Each structure stands twice: as C-alpha cells, then as structure tokens.
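S.K.:
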C-alpha cells in the first residue's frame, strides 16, 4: 500500500506531501510536482460530505491591505453576501476599525455597508489563526468562502525567513477551508512566480527580483495550482501583476512598488527602454474579478487579471516626454546617473527580460466587461497621481 505522505506541519493534516520539507526540496530541484499533495481521508470525507458552499459569509485575509480593504467594501454591498469578516492583525477591534477606515479614506473608497462587516483580529501564520479553539470551530462552521489577500512584499529576505508566515500560513488557510465543511478559496499569487522556470533560475543567488518573495510565490502557486487542477478542492489561483490605482481615482501605494521606482529612475535619467510594458491591473478590476469568480457555482482554476491589451514602453516615453532607447543604452544611462545602491535595488537584473518573461495573456471571468483596458488613459491618470522624486546624482 503506497505511503499516504506526511503533513508539512502537524496542525495541517489535511494535505499530505512526500516529505516534511517538500517545499524546500521543490525549490532545490526546481520540481513543482513535489508540491502536489494528496488529501487525507478526513479531508476527502469533508469534500464528499458537504455541499459546495454559497457566498453568504466571506472571510478576507489581509483585510486592511490595499486590495483587501477594497474587497471588504465591495463584498459588503454585493447581493447575496450577508457577512464579511475582515482579518486584520491588531490587538484591539477598535484600533483595527480605525486602520480600516484610514485605508478606505486613503484610496477613496466610499461605498460599503459597515453593518455587514466584522473585524476579526487573527494571524493566519499561527495555528488556528491564533484564535481560541471554540472561536476557530465556530468560524469554520460559519464561513463559506475565503479570500487570501495577505502577503509580504519584502524582497530583501530569504525564502526561509518567509516560509512560516506565508507558506505554512497558506497551509493553515487551506486546512481551515477543509475543516468541518468545505470552503471556497481565492488566493492572490504573483506573476513573480513566472521568473522561476528553468534549472538556471532555481540556481540563481538571491537578488531583488530572484528573491525569497518570488520563491515563496512560486511554491504557493505550485501548491494552489495543483489543488485547482487535480483535486475537488474549490480554489482559484490569481496570477496577480502590479495592482495599480482604481480606474476612477488612480491612487495606489506609489513608490512602495518596484515598478514605480523603476519609472522614477527612468524619469530622472530622461529615458525608458524600448520593449513591452509590465503587466498591471487596476485595483477595482482585480476586486471585480475576485467577486465575479466567487459568485458563480464553479470556480475558475486560475485567473490572470492583467491589462487586456499589451502596451509598449514607448507609451510611457510619450506620456512623460522621455527618450525611448535600446535596453543597453538605458542600462548605461542609469548606471552612471543614479546611486549604486538604488541601481542594485531594482535594476540589478535585466528588467526588459523580466517583463518579457512575466507578460502573459489576460484571463478573466467570462462575465467581466474588459472595455476599461485603455492603457493610455490609465497611465495618464496614474502618472498624474503618483509622486516621483528626481533620483539622478548631482553632476560631479
């Protein structure tokens, strides 16, 4: 009789792997098949014995983030949704409410039904989300669908530094979705996972782009993707690009994003490179895709919520009054015009090659109207809102 496998962590017995460090082995070998779990007998019984859940009660993990806060607001006014739990890491409910209100104010979110929203102070990186056993059991019996919008965006730390919070944390979310009754899960992955394809990619030393963050997203994408394709677990993997401001207001985290820091450097040196532009998605359209997918009976296994029409960097050159030059010329300009520390942070790898590697066709729920995808109009709005510095070195 074949070995059923072992859990990666004791409090997540529903998913079984070939070893306790299957994720580390998968990264070491560049083999996503090692992240294809089998389901425990108990998990299979849950899937067989409970009906596919509806959408009445939603749990949004990362409920105070740029995406999560806007998803909480949208779900609270979505027909058929009766309750929205907003998971926020905070010691007190009132403090968490204040933070959520501040996030809404920052990004111009004004439409929500506060009476349907309940703050849930919890930590998915801890067993039972850090809740008491009784609270966890009641929550598990009540929730119909989970949206995992929580993630680190720290590119400077190793995979092992991120593993407990964001890989084991995802396993704890999946365990929750298979506890007592099945729950639907939407997981926000990253197009950064596309950077890891060849054996050479997995052998690279850590850098800004080939980072612990992208390795973590590759591991989680392989895990969630295999569940979506190969099992009856109701999950959707979102291959999420840079999430920029809403189509109406254009407000986003700005220079917190590497993409805007690259554009900041380009503006400072007076040039962009000649090549395709990075995939992106306005936050309101990502939220619309999350809700549209969750409101149908059968979840799509994967969604790529990216700009429906590709664009070239020549568009940004035109909008910003910059030269559009071959990448080697852009690289030479930036290397001599900005500080080595700034250059190494975001331009140590060939960004043109990275963009080409991560650009994939859009894949949205069929119900969505994609007429919003006017790159010129949207970038005109974003460039009007984002605050960029002049980072060129002073002439010697």
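Residue numbers (our numbering): 1 to 396. All residues carry an ideal CB built from backbone N, CA and C; glycine is no exception. Note that the coordinates shown come from a computational prediction; the quantities given were computed from them, not determined experimentally.
Candidates 391, 59, 357 and 332: which alpha carbon is nearest residue 294's?
M.R.: Reading the chain shown from its first residue, position 294 is the one you call residue 294. From the listed residues 391, 59, 357 and 332, the smallest Cα separation to residue 294 is found for 59.
S.K.: Mapping the DSSP letters down to three states, classify residue 240 as helix, strand or coil.
M.R.: Here residue 240 refers to the residue found at position 240 of the chain shown. Looking at residue 240 - three-state DSSP - the assignment turns out to be coil, as it is neither helix nor strand.
S.K.: Which ranges would you report for the beta strand (DSSP E) in the segment 9-72 if only whole runs of at least 3 residues count?
M.R.: 57-61
S.K.: To the nearest angstrom, report how far apart residue 227 and residue 267 are at their CA atoms.
M.R.: The sequence position of residue 227 within the chain shown is 227, counting from 1. The sequence position of residue 267 within the chain shown is 267, counting from 1. Residue 227 and residue 267: Cα-Cα distance of roughly 43 Å.
S.K.: What's the call for residue 154, buried or exposed, on a 16-neighbour Cβ count within 10 Å?
M.R.: As a working note, residue 154 is residue 154 in the chain shown. Exposed.
S.K.: Under 8 Å, with one C-beta from each stretch per pair, do the segment 361-370 and the segment 242-254 reach the 3-pair mark?
M.R.: Counting Cβ pairs under 8 Å, fewer than three are found: no touch.
S.K.: Quick check on this structure: which residue in 253, 314 and 118 has the alpha carbon closest to the alpha carbon of residue 277?
M.R.: As a first step, residue 277 is located in the chain shown; it is residue number 277 there, counting from the start. Measuring from the Cα of residue 277, the nearest candidate turns out to be 314.
S.K.: Residue range of the beta strand (DSSP E) that residue 184 falls in?
M.R.: To locate residue 184, count along the chain shown from 1; it is residue 184. First-last of the beta strand (DSSP E) with residue 184: 184-188.
S.K.: In whole angstroms, give me the CA-to-CA distance for residue 111 and residue 131.
M.R.: Your numbering for residue 111 matches position 111 in the chain shown. Your numbering for residue 131 matches position 131 in the chain shown. Near 30 Å, if we compare the C-alpha coordinates of residue 131 and residue 111.
S.K.: How far does the alpha helix (DSSP H) with residue 88 in it extend, from its first residue to its last?
M.R.: For the purposes of this step, residue 88 is taken as the residue at position 88 of the chain shown. Run containing residue 88: none; DSSP gives neither H nor E here.
S.K.: Once the 5 residues before and after residue 178 are set aside, which same chain residues still bring their CB inside 6 Å of it?
M.R.: Position 178 of the chain shown, counted from the first residue, corresponds to residue 178. Cβ neighbours of residue 178 beyond the five flanking positions: 14, 43 and 46.
S.K.: Kindly indicate which residue of 27, 3 and 380 has the alpha-carbon position closest to the one of residue 198.
M.R.: Mapped onto the chain shown, residue 198 falls at position 198. Among 27, 3 and 380, the Cα nearest to that of residue 198 belongs to 27.
S.K.: Residue 273 lies in the beta strand (DSSP E); which residues open and close that run?
M.R.: Locating residue 273 in the chain shown gives position 273, counting from the first residue. Here the beta strand (DSSP E) through residue 273 covers 271-273.
S.K.: When the cut-off is 8 Å and only beta carbons count, does residue 349 lie next to chain C?
M.R.: Within the model displayed, chain C is absent; a lone protein chain is all it includes.
S.K.: Can residue 393 and residue 339 be called in contact, C-beta distance under 8 Å?
M.R.: Reading the chain shown from its first residue, position 393 is the one you call residue 393. Reading the chain shown from its first residue, position 339 is the one you call residue 339. Result yes, Cβ atoms of residue 393 and residue 339 sit closer than 8 Å.
S.K.: What are the start and end residues of the beta strand (DSSP E) that includes residue 397?
M.R.: Any question about residue 397 goes unanswered here, given that the chain covers just 1 to 396.
S.K.: Below 8 Å CB to CB, which residues in the same chain sit around residue 274 once its five sequence neighbours on both sides are set aside?
M.R.: To locate residue 274, count along the chain shown from 1; it is residue 274. 312, 313, 314, 324, 325, 326 and 327, listed in sequence order.
S.K.: Does the Cβ of residue 1 have 16 or more other Cβ atoms within 10 Å, making it buried, or fewer, making it exposed?
M.R.: In the chain shown, the residue the question calls residue 1 occupies position 1. Reliability of the predicted coordinates at residue 1 is poor, the pLDDT of 46 falling under 50, and no value is obtained from them.
S.K.: If we require 4 or more residues per run, which alpha helix (DSSP H) segments fall completely within the segment 124-151?
M.R.: 133-142
S.K.: From residue 331 to residue 301, what distance separates their C-alpha atoms?
M.R.: Reading the chain shown from its first residue, position 331 is the one you call residue 331. Reading the chain shown from its first residue, position 301 is the one you call residue 301. Taking the straight line from one Cα to the other gives about 39 Å.
S.K.: Taking Cβ positions, are residue 238 and residue 282 nearer each other than 8 Å?
M.R.: In the chain shown, residue 238 corresponds to position 238, counting from 1. In the chain shown, residue 282 corresponds to position 282, counting from 1. Taking 8 Å as the Cβ cut-off, residue 238 and residue 282 do not qualify as a contacting pair.
S.K.: Please state if the CB of residue 67 and the CB of residue 84 are separated by a distance shorter than 8 Å.
M.R.: For this step, residue 84 is matched to residue 84 along the chain shown. For this step, residue 67 is matched to residue 67 along the chain shown. Result no, Cβ atoms of residue 84 and residue 67 do not sit closer than 8 Å.
S.K.: Check whether the segment 120-135 touches the segment 97-104, taking contact to mean three or more Cβ pairs, one atom from each stretch, closer than 8 Å.
M.R.: Not touching, per the Cβ criterion.
S.K.: Let me make sure I understand the geometry here. Which of 344, 335, 223 and 40 has the alpha-carbon closest to that of residue 206?
M.R.: Reading the chain shown from its first residue, position 206 is the one you call residue 206. Closest by alpha carbon: 344.
S.K.: Can you give me the start and stop residues for the beta strand (DSSP E) that residue 281 sits inside?
M.R.: Against the chain shown, residue 281 aligns to sequence position 281. That run of the beta strand (DSSP E) goes 280-282.
S.K.: With a CB to CB cut of under 7 Å and the five nearest residues on each side skipped, what residues in its chain are close to residue 379?
M.R.: Counting from 1 along the chain shown, the entry for residue 379 is found at position 379. These residues qualify, in order along the chain: 315, 316 and 319.
S.K.: Could you say if the segment 17-34 and the segment 219-233 meet the contact criterion of at least three C-beta pairs nearer than 8 Å?
M.R.: yes
S.K.: Cβ atoms of residue 124 and residue 96: under 8 Å apart, would you say?
M.R.: For the purposes of this step, residue 96 is identified with residue 96 of the chain shown, where counting begins at 1. For the purposes of this step, residue 124 is identified with residue 124 of the chain shown, where counting begins at 1. No, they are not a contact pair.
S.K.: Using the rule of at least 16 other Cβ atoms within 10 Å of the residue's Cβ for burial, across every protein chain shown, is residue 236 buried or exposed?
M.R.: Taking the first residue of the chain shown as position 1, residue 236 is located at position 236. Residue 236 is buried by the Cβ-count criterion.
S.K.: Which residue comes first and which comes last in the alpha helix (DSSP H) that contains residue 324?
M.R.: Within the chain shown, residue 324 is the residue found at index 324, counting from 1. Where residue 324 is concerned, there is no enclosing alpha helix (DSSP H), although the beta strand (DSSP E) it sits in stretches over 323-325.
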